[in-house]
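What follows is a set of notes on a single structure, which appears directly below.
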Amino acid sequence: MTTTINAAAAPLPSDASYPVAATKPRQGRSRWRSRVKTTGFHSVAITLSALWFFPIFLVLLNSFRTNSDVLRNGVAAWPEVFVIDSYVTAWVNAEMGRAMVNSLIITIPVVVLTLLLSSFAAFGLSRYRIPFRRTLLLLMLAGNLLPAQLMLIPWLKIAESSGLYDTLFIVILIQTASGLGFYTFIMYGFMRAIPVELQDAASIDGAGVLRTYWQIILPLTRPALAALGALSFTWVFNDLLLAITLLRTSSQFPITAAVLSLLGEFSAEWNLIAAATVIAAIPCVIVFLMFQKHFVGGLALGAVK
Amino acid sequence: MTQIAPRATTNRRRAFFTPPVVFALVLVPFTIEAVGVFYPAIQGILLSFVKWNGIGVAEPVGFDNYVRLFTNDIVFYGALGNTAIWLVLFGGLSFALGLAVALLLQADRRGVSVYRTAIFLPMVFSLVVTAVMWTSIFQPRGILNDFLIAVGLEDWTKIWLGDPNTALYAVIVAALWRQIGYVMVLFIAGLKAIDPTLHEAARVDGANVFQRFRYITLPQLRGVNLVIISLLVIDSLRSFDIIWAMTRGGPFGSSELLSTYMFSTAFTDRQLGYASAIAVVIFLLAIGVIISYLIRAFSETKED
Numbered sequence: 004m005t006t007t008i009n010a011a012a013a014p015l016p017s018d019a020s021y022p023v024a025a026t027k028p029r030q031g032r033s034r035w036r037s038r039v040k041t042t043g044f045h046s047v048a049i050t051l052s053a054l055w056f057f058p059i060f061l062v063l064l065n066s067f068r069t070n071s072d073v074l075r076n077g078v079a080a081w082p083e084v085f086v087i088d089s090y091v092t093a094w095v096n097a098e099m100g101r102a103m104v105n106s107l108i109i110t111i112p113v114v115v116l117t118l119l120l121s122s123f124a125a126f127g128l129s130r131y132r133i134p135f136r137r138t139l140l141l142l143m144l145a146g147n148l149l150p151a152q153l154m155l156i157p158w159l160k161i162a163e164s165s166g167l168y169d170t171l172f173i174v175i176l177i178q179t180a181s182g183l184g185f186y187t188f189i190m191y192g193f194m195r196a197i198p199v200e201l202q203d204a205a206s207i208d209g210a211g212v213l214r215t216y217w218q219i220i221l222p223l224t225r226p227a228l229a230a231l232g233a234l235s236f237t238w239v240f241n242d243l244l245l246a247i248t249l250l251r252t253s254s255q256f257p258i259t260a261a262v263l264s265l266l267g268e269f270s271a272e273w274n275l276i277a278a279a280t281v282i283a284a285i286p287c288v289i290v291f292l293m294f295q296k297h298f299v300g301g302l303a304l305g306a307v308k
Numbered sequence: 059m060t061q062i063a064p065r066a067t068t069n070r071r072r073a074f075f076t077p078p079v080v081f082a083l084v085l086v087p088f089t090i091e092a093v094g095v096f097y098p099a100i101q102g103i104l105l106s107f108v109k110w111n112g113i114g115v116a117e118p119v120g121f122d123n124y125v126r127l128f129t130n131d132i133v134f135y136g137a138l139g140n141t142a143i144w145l146v147l148f149g150g151l152s153f154a155l156g157l158a159v160a161l162l163l164q165a166d167r168r169g170v171s172v173y174r175t176a177i178f179l180p181m182v183f184s185l186v187v188t189a190v191m192w193t194s195i196f197q198p199r200g201i202l203n204d205f206l207i208a209v210g211l212e213d214w215t216k217i218w219l220g221d222p223n224t225a226l227y228a229v230i231v232a233a234l235w236r237q238i239g240y241v242m243v244l245f246i247a248g249l250k251a252i253d254p255t256l257h258e259a260a261r262v263d264g265a266n267v268f269q270r271f272r273y274i275t276l277p278q279l280r281g282v283n284l285v286i287i288s289l290l291v292i293d294s295l296r297s298f299d300i301i302w303a304m305t306r307g308g309p310f311g312s313s314e315l316l317s318t319y320m321f322s323t324a325f326t327d328r329q330l331g332y333a334s335a336i337a338v339v340i341f342l343l344a345i346g347v348i349i350s351y352l353i354r355a356f357s358e359t360k361e362d
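If you want it as C-alpha cells, here you go:
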C-alpha cells in the first residue's frame, strides 16, 4: 500500500480503491511527508541491522588478529595486522578440521534419514486410510515436543548398554528418532494437499504403493523437502546437548562441543577461539544462503497454518 | 503449494483397501520414534522414583526425590526462580521485540529483505557460536566495558558474566539476539496472512495507526500469537546450550536454570534418580503448553 497514513487528509475513497493512483500525482506536502517517512524507516532499519550485525563483525575482526595483539589490546580493538594464522591453527592444531568432519558425519545421515522416514510416515498417513491415523500423527508430534532432559539419562543408558557410547553412530540414531515427529507432521500437511486424482491415475496405470510414493508424491513435495532439509541441517549441526551427553573422547566431538572445550582450554587466545567460531558457523550460513527462501518459508510453515 | 483439492469426497473412496506395505511405511518410523523417544521418556519418569549413581543397583525410594527437591533444596528453588525469569524475560521480550521488528519490516519495500536477513542471520548460528560471540563482548576488557568507559560511565563497568547480579541477564541478552529474528519471521508470515481489505476499510472509516493495530492487527494475529507463545514457552524450558556455554549456571548458581541443574546433577554429581525428578518437573511445567499446542494441531488435521 501507499505510505499515506492520515486518512483524513487524503482525498478519499478513491485513495483506497485505486492504490496505484495515489502514488502518482501528489501534492507537495504529502510527497515531502512520505520522503521523511521513507528516510525515517531506512535510518531505523539500518541502525537496527548494524546493531544486529555487530557481534558477527567483532568475531570476524578478532579472528584475523594475532594473539600478542589480543593480549596487548584486549578483545575489542582494531587489528594491528590482519593475519589468517588463527584459522590455520584452529583447523589443524585445535582440531576444528576433525570436528567439522564429525559434525558432517552426524548431520548428513540424520537429515537424509529423517526426511526419508518422515516422508514414509506422512505418505502412509495422508494418502491412505489407516486406523487411528490422526492419533498416530499427534502422538508422533507430541514426542517431538518433549523436553530432551526427560530422555537424557535413559539415552545414556541405552548407549552404554548397547556398547555404542562415545560413538557417532548413537548420536545419529537418537537425533533421527527424536526429530521424526515434527517432520512427519509438516510433511503430512503438504502431502494432504496433493489432489487424490493424481494418485488414482497412477494406480490405474498400474503403479504400486512404492512407485506412487517415489514417482508421484515425493517429487511434488520437493519444496517441503528443501525447507525441512535446510532446517534440520542447522538444527542437527548446531546441537550441543546430545553430543556432550553421548560422547566423551574429544576426537569424537562435533564442532559445537569442540568450540566449547576450546573456550575452556584456551580462554586467553581469543583470536583462536574467534577463528574456530567462524569456522563452526560457516556451514549453516552456506545452507541458509542457498536455501534462504525455503528456510524462512519452512519456519513459517511450522507455526502459521 | 497450497493446492486445494476436492479431497473431502474422493478421499473416502480409499476406505476399502489399504495395501499392507502402507502399514510398514507408517510403522517403521513410528517404531523408531517409540524406541528412541517414548520408551526413554517413560524410563525417565520411572527413574525419578529411584536412587541411582549409574553404576550400582538402583534403589526404589518412592517420592523421596520429589520430597527432597521441594523441601530441602535451595539450589532447586533458585533454578526454578531463574527459569521463571528466563521465561518472562527471554520469552516475553522475544515475543514483544519480534512483533515490533516484524511490524517495522513487514511491508515489501526496497531494501527490506536485506534488513530481514540481517536480523534473522543469528538464528542459523548454533547457541555455542552465539555464546562465544557474546562472551567476548562481556569480557572484563571487552567492547561493552570499553564503550561504557568511552562514554564516561566507568562506574557501570562490570565483569558481566562473573557477577551474580548480572550473569543471568547477560546470557538473556545473547539469547534474545539470536531468537528475535526467528519470532520476527513467524510474525511477518502471520501479518501477511491478514486480509488487506480489513485495513483499508478501517482507514476509510478514519481509524489511525494505533487503532488499526489494536482493533485489526492484534485480533487477527491471535492464532499466530498462540503458536508463538507455545513455541517460546517450550523453547524457554528447554534452554540449555547457551547457559551451559556461557556460565555453566554460575557464578554461585546465579544463572542456574532447571535444565542446567538437571544436567550437572546427572553428569557431574551422578545422582541420576534425583536428576530425573528435576527433568520430570521440567516436563510437568511444559505439559500444559504441549497439550494446548497439540489440541490446535489436532483440530487442523481434521478432515474437512
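Chains as they are written, first to last, in the working numbering: chain A, 4 to 308; chain R, 59 to 362. Just so it is clear, CB atoms sit at the ideal spot from N, CA and C, and this is done for glycine as well.
Secondary structure at residue 146 (chain R): helix, using DSSP grouped into helix, strand and coil. For residue 296 (chain A), the three-state secondary structure derived from DSSP is helix. Collapsing the DSSP output to three states places residue 108 (chain R) in a strand. For residue 102 (chain R), the chain A residues whose C-beta falls within less than 7 angstroms of its own C-beta are 153, 154, 156, 157, listed in chain order.
Residue pairing by DSSP leaves residue 268 (chain A) without any beta bridge partner.
Counting the other Cβ atoms within 10 Å of the Cβ of residue 269 (chain R) gives fewer than 16, which makes it exposed. Shown in chain order are the members of the region 184-198 of chain R whose Cβ falls below 9 angstroms from a Cβ of chain A: 184, 185, 186, 187, 188, 189, 190, 191, 192, 193, 194, 195, 197, 198. Taking all protein chains in view, the Cβ of residue 233 (chain A) is crowded by 16 or more other Cβ atoms within 10 Å, so the residue is classified as buried. For residue 86 (chain A), the closest of A:95, A:70, A:99, A:96 by C-alpha to C-alpha distance is A:70. The beta-carbon separation of residue 159 (chain R) and residue 132 (chain R), rounded to 39 angstroms, does not stay under the 8 angstroms limit for a contact. Collapsing the DSSP output to three states places residue 200 (chain A) in a helix. Take the alpha-carbon of residue 299 (chain A) and the one of residue 242 (chain R): they are about 11 angstroms apart. Taking residue 149 (chain R) as the centre and dropping the five residues before and after it, the same chain places the C-beta of 290, 291, 294 closer than 7 angstroms to its C-beta, in chain order. The C-beta of residue 196 (chain R) has 16 or more other C-beta atoms within 10 Å across all chains shown, which makes the residue buried. Within chain R, the C-beta atoms nearer than 8 angstroms to that of residue 65 (chain A) come from 194, in chain order. Closest option to residue 287 (chain R), judged by alpha-carbon separation, among R:154, R:162, R:163: R:154.
In the three-state reduction of the DSSP assignment, residue 82 (chain A) falls in the coil class, being assigned neither a helical nor a strand state. Take residue 192 (chain R), set aside five residues on each side of it, and the residues of its chain with a beta-carbon closer than 6 angstroms to its own are 232, in chain order. Remark: C-beta atoms of residue 191 (chain A) and residue 140 (chain A) approach each other more closely than 8 angstroms. Under the 10 Å beta carbon count, residue 321 (chain R) is surrounded by 16 or more other beta carbons and is classified as buried. Annotated three-state conformation of residue 58 (chain A) is helix, per DSSP. Around residue 263 (chain A), the beta-carbon contacts reaching into chain R at under 7 angstroms are 186, 303. Restricting attention to A:98, A:106, A:129, the CA atom closest to the CA of residue 236 (chain A) is found in A:106. Distance from residue 161 (chain R) to residue 331 (chain R) at the Cβ level is roughly 48 angstroms; contact not present, criterion being Cβ atoms closer than 8 angstroms. Secondary structure of residue 87 (chain R) (DSSP, three-state): helix.
A Cβ-Cβ contact shorter than 8 angstroms links residue 260 (chain A) with residue 246 (chain A). Put simply, the backbone Cα of residue 277 (chain R) is about 14 angstroms away from that of residue 250 (chain R).
The continuous stretches of alpha helix (DSSP H) do not include residue 211 (chain A), and DSSP gives it neither H nor E.
In terms of beta-carbon proximity, residue 204 (chain R) lines the interface with chain A, with at least one pair separated by less than 8 angstroms. In this structure the region 93-112 of chain A lies against the region 266-279 of chain A, because at least three pairs of beta carbons, one per stretch, are closer than 8 angstroms. Residue 235 (chain R) reaches chain A at 55, 58, counting residues in chain order whose Cβ is nearer than 8 angstroms. The region 256-268 of chain R makes no contact with the region 217-225 of chain R: fewer than 3 CB pairs, one atom from each, lie closer than 8 angstroms. In the displayed model, residue 163 (chain A) falls within a helix according to three-state DSSP.
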